[in-house]
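Notes follow the structure.
There are 2 protein chains.
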Amino acid sequence: MVRGARKPRLADVAARAGVSRTTASYILNGRSDEMRISAEAVARVRAAVVDLGYRPNRTARSLRTAQTRTVGLISDNVASGHFASRMLTGASAAAREADHFLLIGETDGDPLVERLLAEQMLDQGVDGIVYATLRHREVVVPPSLLQARVVLLNCVDPASGLPAVVPDEHGGGRAAADLAARAAGPVVVVGDEREQGTHAGTMRLAGLEERLDELGRAVDDVVRCDWTVPAARSALACWWSGGGPAGSLVCMNDRVAMGAYQALDGLDASIPADVAVVSFDGSELASWLTPTLTTVGLPFADLGEAAVRTLLDPDARGSGTQRLAMPVVHGGSVPTVARVTP
Amino acid sequence: MVRGARKPRLADVAARAGVSRTTASYILNGRSDEMRISAEAVARVRAAVVDLGYRPNRTARSLRTAQTRTVGLISDNVASGHFASRMLTGASAAAREADHFLLIGETDGDPLVERLLAEQMLDQGVDGIVYATLRHREVVVPPSLLQARVVLLNCVDPASGLPAVVPDEHGGGRAAADLAARAAGPVVVVGDEREQGTHAGTMRLAGLEERLDELGRAVDDVVRCDWTVPAARSALACWWSGGGPAGSLVCMNDRVAMGAYQALDGLDASIPADVAVVSFDGSELASWLTPTLTTVGLPFADLGEAAVRTLLDPDARGSGTQRLAMPVVHGGSVPTVARVTP
DNA sequence: TTGGCCTGCTGACTCGATTCAGCAACGCAC
DNA sequence: GTGCGTTGCTGAATCGAGTCAGCAGGCCAA
């Protein structure tokens, strides 16, 4: 590129190659065969592009084609969520793969901000919008969104029938059952399955019960508490005040499991010999505990990726709800081999 | 807006108001006084905008003005970092405040991807680029970036002299000193201050030593280990095998502190009565420990906000490096009142 | 009457691409 | 030599705004 000169335009390329703008445009858009451009012209244009360091102006192209090659992601709190922010990683990677960029905006749950953000993204001309939530739950998307293509991420909107990508909580519950069943003794769920702000709990519990039943086992008790460290700690401490802990604990998330570890700490019971612990999330926290926690992971990066893929896939219009498998992250909190069940 | 009609353009507004496109444009851009447009014309145009539901086409405007009202954020791993992802929250909030959108891209540290991403963002016509890193460290920004306005976030590039926004690690170290000095006995630093991938450690240590010196105290020992839970746990367990723990621990981050808690667990020493623990990060983890951890926080959201503000502030060209204060997050791991120093 | 100034507006060009419709030049069949 | 088809290209319109230069028309002073 010539020093000091302004950025070259398509017209400059065309002039240098001795062809019209039209011809140059066809060549750069891969339509040279269709338009029967001679090989010589193609070569001259390509050379000119290199010589001038030409890069097409995306804005001008967008004006003409009404496509901006950007996708928006509107969320309540995803970037703030410690672990859920990987949805952004996945989404942005998938966008880049499709030569798009990801535009992000957070609403903090404020419906007004949500509406504003949606409108501004539409003004900006995004090619589609991913509507994401920190917790897996049901939502009602703002009507203004519906002018664009929308894919839901980590949430569903039953009324709208919009395509959605969510973790397979039910399958995750089944996986947890298999892990919990490795230990003998009662299976105890820790954490209120109706935790507000999500319905992951009910689905996990349903899967857990289904699979335990198949194994000839059952959920023997549920210790209801918020999904936080201190709530789980005190709930369990209180619950065990009767007899000593035994069997296996299925914790609704890794923080609850951490609370369980703390509650076990004072007692004379070791993990996993006396008590097995399984949980959900697959966050880094699981690897910080001793012994490391066996946890059924939320595939956040994959969720983000799948959502953007679905959004940009022209064939995926009414593709319903995709449930992505929750992979087990193996730790040391369950016995490595299943005990033989009587 | 009329049903089924295509989106109204400025020309439609002008026609309905009985003025020229030029006049309508001046009015909508707040230049009606300067251009001496009559109050009646202004009113008619505003009414037409409402009637038609007119929203300006940002792409067309961008083409003309060469401003896209978007800013890019290129990072190595910020969205994946559990806690650092709040930089995105702050950055996106600041962008929105200035009527801009945030475009994100992650490189995973790959210089090739970095270059590509930078070029694509420039093609996209971003009004500026924030270059961010997960860890606070020195970087060399890719030369292709320098075509745009750039602000560094959580890193510095001494050679380029680019404006940067970073946490005030030195000041944070001083704050930690005040907290550690509340307990009598030796002050022990936990975590290698030369942790690879960041130079936060050396700055924290320098601030710590400076302030301790002012208080007539000193760093009595440094237990060098990686900034991870298991490394800190085993390093401390080993270190204490001589005598019992006492004094105060200054942990290089919250995970190290968690390791310290675990190491203390078997021993007969309580926090903060026997050992005070201070750390750096201010992550949620601090609130999950028992007792809750007193930690000098990284103001990630503020950092992100300040970076975008600086980027968009026309007066802030060579504004040097902004060091944002690290706020103390008070927990229960240090004595509440300072002991009288002899 | 003429010239100059103010008020209130507009015509036409511009940003940088995409794309439809059409046009010369040539060969070939009749 | 006329008509037709193919090859290889191009002119000009278009997307939807922003903006410079200028133009009527009225008023006032000389």
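Residue numbers (this note's numbering), protein chains in the order written: chain F, 3 to 344; chain L, 3 to 344.
Where a beta carbon is used, it is the ideal one built from N, C-alpha and C, also for glycine.
Identified DSSP bridge partners for residue i
| i | result |
| --- | --- |
| Val277/F | Gly249/F |
| Ala134/F | Ser77/F and Leu155/F |
| Glu140/F | Val158/F |
| Gln324/F | Val167/F |
| Val1/F | It is not possible to answer for residue 1/F, since the shown part of chain F is limited to 3 through 344. |
| Leu104/F | Val73/F and Ile106/L |
| Val330/L | Val298/L |
| Asp270/L | According to DSSP, which records beta bridges pairwise, Asp270/L is partnered with nothing at all. |
| Asp346/L | Chain L is shown only over 3 to 344; residue 346/L falls outside these bounds and no answer can be derived. |
Buried/exposed call for residue i, threshold 16 Cβ in 10 Å
| i | result |
| --- | --- |
| Cys240/L | exposed |
| Val191/F | buried |
| Gly306/F | buried |
| Asn31/F | exposed |
| Val142/L | exposed |
| Pro316/L | exposed |
| Ser243/F | exposed |
| Ser87/F | buried |
| Val21/F | buried |
| Ala233/F | buried |
| Leu148/F | exposed |
| Val189/F | buried |
| Ser40/L | exposed |
| Met89/F | buried |
| Ser272/L | exposed |
| Arg312/L | As written in the sequence, residue 312/L is Thr, which differs from the Arg given in the question. Result: buried. |
| Arg196/F | exposed |
| Met3/L | The predicted position of Met3/L is uncertain, since its pLDDT is 42 and thus under 50; a value taken from the coordinates is nonetheless stated next. That one is exposed. |
| Leu326/L | buried |
| Asn339/F | Checking the displayed sequence, the identity of residue 339/F turns out to be Val instead of Asn. Exposed, because fewer than 16 other Cβ atoms sit within 10 Å of the Cβ of Val339/F. |
| Leu198/F | The sequence shown places Gln at residue 198/F, not Leu. Looking at its Cβ environment, which holds fewer than 16 other Cβ atoms inside 10 Å, Gln198/F is exposed. |
| Glu171/L | buried |
| Glu99/L | exposed |
| Arg151/L | buried |
| Glu116/F | buried |
| Ala275/L | exposed |
| Pro145/L | exposed |
| Gly130/L | buried |
| Pro247/L | buried |
| Arg5/L | Confidence at Arg5/L is low in this model, with a pLDDT of 45, below 50, so its placement is unreliable and the value that follows should be read with caution. Exposed: under 16 other Cβ atoms inside 10 Å. |
The segment 91 to 100 of chain L / the segment 116 to 126 of chain L touching (three or more Cβ pairs under 8 Å): Short answer: they don't touch.
Should the segment 214 to 221 of chain F be regarded as contacting the segment 324 to 332 of chain F, the criterion being three or more beta carbon pairs within less than 8 Å? Segments in contact, no.
Return the residues of the segment 258 to 288 of chain L that lie within a Cβ-Cβ distance of less than 9 Å from chain F, sorted by chain order. Across the segment 258 to 288 of chain L, CB contacts with chain F closer than 9 Å involve Met260, Gly261, Gln264, Asp267, Ser285, Glu286 and Leu287, in sequence order along the chain.
With a cut-off of 8 Å, do at least 3 Cβ pairs link the segment 62 to 75 of chain L to the segment 74 to 90 of chain F? Look at the beta carbons and you see the segment 62 to 75 of chain L not touching the segment 74 to 90 of chain F: under three pairs across the two are nearer than 8 Å.
Give me the subset of the segment 46 to 74 of chain F whose CB atoms are less than 9 Å from a CB atom of chain L, sorted by chain position. Hits within the stretch, in order: Arg57, Pro58, Asn59, Arg60, Thr61, Ala62, Ser64, Leu65, Ala68, Thr70, Arg71, Thr72 and Gly74.
Starting from the N-terminal side, write out each stretch of the beta strand (DSSP E) that is 3 residues or longer and does not extend beyond the segment 155 to 199 of chain F. Secondary structure remark: continuous beta strand (DSSP E) runs of at least 3 residues inside the segment 155 to 199 of chain F, in chain order: 166 to 169 and 189 to 192.
In chain order, what residues of the segment 100 to 124 of chain L put their CB closer than 7 Å to some CB of chain F? The residues in question are Phe103, Leu104, Leu105, Ile106, Gly107 and Glu108.
Which residues of the segment 212 to 241 of chain L have a Cβ closer than 9 Å to any Cβ of chain F? Give them in chain order. Result list: Thr230, Val231, Pro232 and Arg235.
contact_flag[the segment 248 to 255 of chain L, the segment 271 to 290 of chain L] where n(CB pairs < 8 Å) is 3 or more: Between the segment 248 to 255 of chain L and the segment 271 to 290 of chain L there are three or more inter-stretch CB-CB distances shorter than 8 Å, so the stretches are counted as touching.
Along the chain, which unbroken stretches of the alpha helix (DSSP H) at least 4 residues long are found entirely within the segment 38 to 67 of chain F? Fully enclosed alpha helix (DSSP H) runs of 4 or longer: 41 to 54 and 60 to 67.
On the three-pair Cβ rule with 8 Å, is the segment 179 to 187 of chain L touching the segment 153 to 166 of chain L? Counting C-beta pairs closer than 8 Å gives fewer than three between the segment 179 to 187 of chain L and the segment 153 to 166 of chain L, which falls short of the contact rule.
Note down, in chain order, all residues in the segment 24 to 49 of chain L with a beta-carbon under 9 Å from any beta-carbon belonging to chain F. Correct list: empty, as no residue qualifies.
So does the segment 44 to 60 of chain L actually touch the segment 100 to 112 of chain L, counting three or more Cβ pairs closer than 8 Å? Taking one beta carbon from each stretch, the segment 44 to 60 of chain L and the segment 100 to 112 of chain L have fewer than 3 pairs nearer than 8 Å; the two do not touch.
Going along the segment 124 to 139 of chain L in order, which residues come within less than 7 Å of chain F, judged by CB to CB distance? Hits within the stretch, in order: Asp125, Gln126 and Gly127.
Output, in sequence order along the chain, the residues in the segment 79 to 94 of chain L whose CB is closer than 7 Å to any CB in chain F. Residues Ala81, Ser82, His84, Phe85, Ser87, Arg88, Leu90, Thr91 and Ser94.
Which residues, taken in chain order from the segment 289 to 301 of chain F, show a beta carbon closer than 7 Å to some beta carbon of chain L? Cβ contacts with chain L come from Trp290 and Thr292.
Under 8 Å, CB to CB, which of the residues in the segment 141 to 159 of chain F have a partner in chain L? Those residues of the segment 141 to 159 of chain F that come within reach of chain L (Cβ to Cβ, closer than 8 Å) do not exist; the list is empty.
Inter-stretch contact at 8 Å, needing at least 3 Cβ pairs: the segment 14 to 29 of chain L / the segment 191 to 211 of chain F: They do not touch, by the three-pair rule.
Which residues, in chain order, does the segment 183 to 199 of chain F contribute to contact with chain L at a C-beta distance below 9 Å? For the segment 183 to 199 of chain F, which is checked against every Cβ of chain L, not one residue is closer than 9 Å.
Near-chain L residues of the segment 303 to 317 of chain F - C-beta to any C-beta below 7 Å: Taking 7 Å as the upper bound on Cβ-Cβ separation, chain L lies near no residue of the segment 303 to 317 of chain F.
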